[in-house]
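Residues 1 to 250 in my numbering are what the sequence shown lists, from first letter to last.
Backbone N, C-alpha and C define an ideal beta-carbon position, used for all residues, glycine too.
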Amino acid sequence: SQTTVKVLQNSEAIDAILVYSQNVEELLKRRKVYREIIFKYLAAQGVPVPPSSEKHLLIDRVKQYWSGQLTTHASEPGERKPHTEVKCLKQRQKSPQDDIHDLGEEFCQWFFKLLNSQHPLGVKSEERWGPQHFWEDAKMKFCYNTLEKNMEEYVGAEMVSLRLLSLVKEEYLLFNPNLNANGLKCVMSPHGLVLVAVAGTLHRDNTCLGIFEQIFGLISCPVRENTWKIKVVNLKVVGQNVLDNFFTTE
């Protein structure tokens, strides 16, 4: 309206702009409608666009989206779509369960690499093993079935940490988790509690001693972003007889 219409509130200003804009293009070309605003709008609607697109191209994209046509200059015959569009599509297709699974996989990679590094012959890690990775009231249940069934229970970050450490440092065991296929399962409660279940094989020197199944209960740290501590550990180990039964052929 070129300042001929006086407004007192933001809502009145918005109404005036809409009334005196002859079309969509004129509205979006206004100086106050920044390129970044249009780009964020298209991204929120799930419309992929190259991040480097100029404002007039983004306006064309909005017009096509509002008219129900999603064909853009980037998808004309003979012209390849930018890789950034493919990346956006992949990100949208990722479900919350995928994020939880990624969290479990990343945790297992970190945990077993750090634990195995405590082996006398293991590749040493720059990170230190210890109770700092567990909640103070952490609990551990350790069941193992070799010649007979046994169960041990431990309470407290220090005790849980030391028992896991002794398996590798004193009993010379190495954990080989299966993070593929059905070897890894992860779930998250509405409260943010995470259960990670992983299975794998257990080794000493050049011998596979058996298999293990381990469940972790994780809780995120409220004062350190992207940091999870272990609340619960359930470890089950089964000996050589399971391997013999699995590989027996009639």
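Item, Value
"Would you kindly report the start and end of the unbroken alpha helix (DSSP H) that includes residue 30?", "From DSSP, residue 30 is part of no alpha helix (DSSP H); its letter is neither H nor E."
"Quick one: complete alpha helix (DSSP H) runs, 4+ long, within the region 133-186?", "157-169"
"Given this structure, state the Cα-to-Cα distance separating residue 40 from residue 64, to the nearest angstrom.", "16 Å"
"Spatial neighbours of residue 157 within its chain, please: CB distance less than 6 Å, with the 5 preceding and 5 following residues excluded, ordered by chain position.", "131, 134, 136 and 138"
"Do three or more CB pairs link the region 189-197 to the region 209-219 at distances below 8 Å?", "yes"
"To the nearest angstrom, how far is the alpha carbon of residue 234 from that of residue 161?", "13 Å"
"Three Cβ pairs or more, each shorter than 8 Å: is that satisfied between the region 139-150 and the region 222-234?", "yes"
"Buried or exposed for residue 80, going by 16 or more other Cβ atoms inside 10 Å?", "Because residue 80 carries a pLDDT of 44, less than 50, the predicted location of this residue cannot be relied on, and no value is offered for it."
"Do residue 202 and residue 173 have their C-beta atoms within less than 7 Å of each other?", "yes"
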